[in-house]
Amino acid sequence: MRKLIRHPATAAAIAATLLVSSACSGSTGDGKITLTVATFGEFGYRPLFEQYEKDHPGIEIRSRVTDFDTHFKALSMQLAAGRGVSDVVAIEEQQLPTYLQVKDKFVNLADYGAAQLKDQWAPWKWAQGTKDGYVLGLGTDMGSLALCYRRDYFEQAGLPTDRQAVAALMPTWQDYAKVAGQFTAKLPKVKFADSAGTVYTAMLNQSAENYFSAKDDSYVADRNPSVRDAFYLAGGLAQSKQTAAVTTYTSAWNVAIKQGGFATIACPAWMLTQIKEAGGKDVSGKWDVTSVPGHSGNQGGSFLTVPKQGAHPKEAYDLARWLTAPEQEKRLFLSDGILPSEPQVYQDPQVVAHRDEYFSNAPIGQLYAASATLLRPNYRGLHDADVRPEFGKALGRIEDGSRTVDQAWAEATQRGREAIK
Amino acid sequence: MNTRGTFGTRLDRKVTPFLFIAPFFAIFAVFGAFPLLYTAWVSLHDWGLLEGDRGRFGFANYAELFGDGRFYNALANTIGIFLLAAVPEFFLALGIAALLNRKLRASTWWQTGVLLPNVVSVVAVGLVFTQLYSRDFGVVNEVLGWFGVSPVNWQAGRWTSHLAVASMVMWRWVGYNALIYLAAMQAVPQELYEAAELDGASHWRTFWSVTVPGIRPAIAFTVVAGTVNGLQLFAEPQLFDPGGGGTGGNDRQFQTLAMYLYEKGFTKFDAGYAAALSWVTFLICVVFAIFNYRLVRRFVSAS
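Taken in order, these protein sequences are the chains called A and B. Numbering of the first sequence is given in UniProt numbering, commencing with residue 1 and proceeding in unit increments. Numbering of the second sequence is given in UniProt numbering, commencing with residue 1 and proceeding in unit increments.
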């Protein structure tokens, strides 16, 4: 050994090896094309991938599943760095405007004929993923709203427990707030809603405009009565301590579901799985689903995109098209409760007849299909993602008792304006 | 018998050592110097994370930064948490090291135990502490409840959130510092202790007049390293944030400099501003490290 490293050339070679070995190459040897598909959370794609690989022997699919934050941070970094991005990438509707601004970094799916598929989707869903003839993404699921509620708590509070009776009890959010008062009077230990933020978001998702005017994208949060109404109603619940003040998907939220900390939550279809996971066996059969106050509204839902960096855009597009085709959307709903964004699928008899045992055998197919039919899309605006958090935080300040509703409202509208740059 | 020429041997002697240390400098150039300079370049532009250079050159990012209230808020939070964590950490570590320096049974066991919190992943520490400090279901509030204290919403207040985050930092670093002090203490010459004993000095007096000055270099090292770590504090407060938006609570009550950098760069995609922020943070680190080093030198005299 000592002799070996005495010569400068040998030492240089060692140094070079040390440096080179840290880099590696990633080509498959057997001539197969490898496509990576990046999603945040499980999209239920595993069995679909297996089938696709069987039907297309030249294709191998690798799945990259991360959580929401990691997924979008990684995507931004990969787009910025110009390498490392997956062939097919899922983008959530709220993040979509950000990526539409840099649409040149993605393949225009219209180049591969995506424009002809247009009629598959609900018109607003299709419109969300396109801009000036540029088709950025193909719609996967959507998040039409329903209301999940705890049957057992409603019974203890002397309220009706039957789905239709509950829906009839609170057709509007004002009625919802009224019922919250009755509920708290009887069962003071259980909170009525999970957080002011959830109620607020659900209400906001039912109005055509939120923080920005659909006409010219100007900031209207301080003038738009829908924003104000939603804020004051949700803030009122927070101020009177009728919310559990747990942020959705945090560990505290999971614990609150497991321990029964709150009685109702506005739930898009994809949330049912998360409630099941958080609640586990203990709460099985205690939850039920009915239509949401205000009847519909969209919350969440994603698109599959093909970034330009990928080496196989044609194959990636084919895969994305297949994954979002009606047969696959139907399969995903029946297996994982992922709500289709295509009318012919959510009106399919088998989908409409679908029930969920965990939620007291609620006819979730019928409920979500009805909600989807009533759904009016809302205009988001380019800077929605900058402004939205300010209002959420303002509601948080009411929940932690540091502000009144009026103070929080004044702050939120002000900071919302500041957040636009 | 020397078959090789003397020139070759001389060259070998001169060049080989440099080649041996070359990998370090090569790696430093790639992962240290280049990012530093590139960041400086980016900070002078209006640079979007996704779009890249948006065509403006100058000190606009720095000008904006020094007029930005959120920057000063983050700076104050960072220093606040640093002081809350560092001062008790320093004394606790000294105390633990002094205890370990006595003749103990199973001393290796104790020493390993003290270091354990530092080996645990910071993410695990963050998650566990966040659970402990949970408002409704947390152990800390449960225990406070036994003494009649009503539940504290730790994230909501400035001081409560700083205390909670500081406790995580302490948990991770006390043992590590204690072990460094211990190693230094074992190198303090035994004669000094014997002399102190002959002079009739108390344990307490011996500790402050012999042990602490004796480990001055170790203290200086931990202070400088601790300062740099403390000013870059990120993972603990980030994980402690229930919303996860990186703003450190609804009112940015515990947003540190690194979190603000992350928010600007990776949530708002303003890479130019984030780069300026990281350079300013770097300079603050340097200034603080020098200041603290001097502070230690002055108060722990080597007499």
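Glycine included, each C-beta is placed from N, C-alpha and C at the ideal position. The model shown is predicted, which means the values in this text are computed figures rather than measured ones.
Cross-strand partners of residue i (DSSP beta bridge)
i: Ala146 of chain A; result: A:Cys267
i: Leu138 of chain A; result: A:Leu304
i: Glu60 of chain A; result: A:Thr34
i: Lys191 of chain A; result: A:Phe262
i: Asn298 of chain A; result: A:Ser144
i: Phe207 of chain B; result: DSSP, once it has assigned bridges, lists no residue as partnering Phe207 of chain B.
i: Asp356 of chain A; result: A:Ala362
i: Tyr293 of chain B; result: Its beta-bridge partners do not exist; DSSP assigns none.
i: Lys73 of chain A; result: DSSP, once it has assigned bridges, lists no residue as partnering Lys73 of chain A.
i: Thr39 of chain A; result: A:Val65
i: Lys131 of chain A; result: A:Tyr134
i: Asp270 of chain B; result: B:Gly48
i: Pro340 of chain A; result: A:Asp141
i: Ala385 of chain A; result: Its beta-bridge partners do not exist; DSSP assigns none.
i: Tyr211 of chain A; result: Bridge partners of Tyr211 of chain A: none, in fact.
i: Val420 of chain A; result: It should be pointed out that residue 420 of chain A corresponds to Ile in this sequence rather than to Val. In the DSSP output, where bridge partners are listed per residue, Ile420 of chain A has none listed.
i: Ile91 of chain A; result: A:Phe303
Run of the alpha helix (DSSP H) containing residue i, from where it starts to where it stops
i: Val227 of chain A; result: 225-239
i: Asp46 of chain B; result: Note, Asp46 of chain B: premise wrong, no alpha helix (DSSP H); beta strand (DSSP E) at 45-48.
i: Met170 of chain A; result: No alpha helix (DSSP H) contains Met170 of chain A, which DSSP labels as neither H nor E.
i: Asn77 of chain B; result: 69-100
i: Trp124 of chain A; result: 123-128
i: Gly113 of chain B; result: 107-119
i: Trp146 of chain B; result: 139-146
i: Glu50 of chain A; result: 46-55
i: Arg10 of chain B; result: 6-28
i: Gln190 of chain B; result: 190-198
Cβ-Cβ distance between residue i and residue j below 8 Å
i: Leu233 of chain B; j: Ile81 of chain B; result: yes
i: Val89 of chain A; j: Thr305 of chain A; result: yes
i: Leu272 of chain A; j: Asn205 of chain A; result: no
i: Leu79 of chain A; j: Gly129 of chain A; result: no
i: Val188 of chain B; j: Asn292 of chain B; result: no
i: Ala124 of chain B; j: Gln255 of chain B; result: no
i: Ala85 of chain B; j: Gly230 of chain B; result: yes
i: Thr206 of chain B; j: Asn177 of chain B; result: no
i: Trp154 of chain B; j: Tyr133 of chain B; result: yes
i: Gln299 of chain A; j: Pro326 of chain A; result: no
i: Leu339 of chain A; j: Ala372 of chain A; result: yes
i: Met170 of chain B; j: Pro88 of chain B; result: yes
i: residue 312 of chain B; j: Trp173 of chain B; result: Beyond the ends of chain B as shown, which are 1 and 303, falls residue 312 of chain B; an answer cannot be given.
i: Trp173 of chain A; j: Gly294 of chain A; result: yes
i: Asp141 of chain A; j: Ser341 of chain A; result: yes
Residue interval of the beta strand (DSSP E) (run including residue i)
i: Val85 of chain A; result: Note, Val85 of chain A: premise wrong, no beta strand (DSSP E); not H, not E.
i: Trp287 of chain A; result: 287-290
i: Gly55 of chain B; result: 52-57
CB contact check: residue i to chain B, cutoff 8 Å
i: Arg397 of chain A; result: yes
i: Thr413 of chain A; result: no
i: Ser240 of chain A; result: no
i: Lys103 of chain A; result: no
i: Asp384 of chain A; result: no
i: Asp400 of chain A; result: yes
i: Asp168 of chain A; result: Sequence check: residue 168 of chain A is Ala here, not Asp. False, the Cβ-Cβ gap to chain B never drops below 8 Å.
i: Ser195 of chain A; result: no
i: Cys24 of chain A; result: With a pLDDT of 34 at Cys24 of chain A, under the threshold of 50, the modelled position of that residue is not reliable, and the figure given next carries that caveat. Judged by the 8 Å Cβ criterion, Cys24 of chain A is not in contact with chain B.
i: Lys393 of chain A; result: yes
i: Leu79 of chain A; result: yes
i: Thr198 of chain A; result: no
i: Ser251 of chain A; result: yes
i: Val306 of chain A; result: no
i: Ser76 of chain A; result: yes
Test: residue i CB closer than 8 Å to a CB of chain A
i: Leu192 of chain B; result: no
i: Phe269 of chain B; result: yes
i: Gln131 of chain B; result: yes
i: Phe266 of chain B; result: yes
i: Ser134 of chain B; result: yes
i: Asn250 of chain B; result: yes
Checklist line | Segment contact, 8 Å Cβ cut-off, at least three pairs: the segment 9-25 of chain B with the segment 277-289 of chain A | finding: no
Note to self: Between the segment 108-121 of chain A and the segment 310-327 of chain A, can you find at least three pairs of beta-carbon atoms closer than 8 Å?
What the structure shows: yes
Note to self: For the pair the segment 286-299 of chain A and the segment 355-367 of chain A, tell me if three or more CB-CB distances fall below 8 Å.
What the structure shows: yes
Next item on the list: Flag this pair as touching only if the segment 212-231 of chain A and the segment 149-166 of chain A have three or more C-beta atom pairs under 8 Å; answer yes or no.
Entry: no
Notebook entry, point to check: Do the segment 196-204 of chain A and the segment 235-247 of chain A make contact, defined as three or more Cβ pairs closer than 8 Å?
Noted result: yes
Item checked: At least 3 beta-carbon pairs within less than 8 Å: the segment 203-216 of chain B vs the segment 37-54 of chain B -> no
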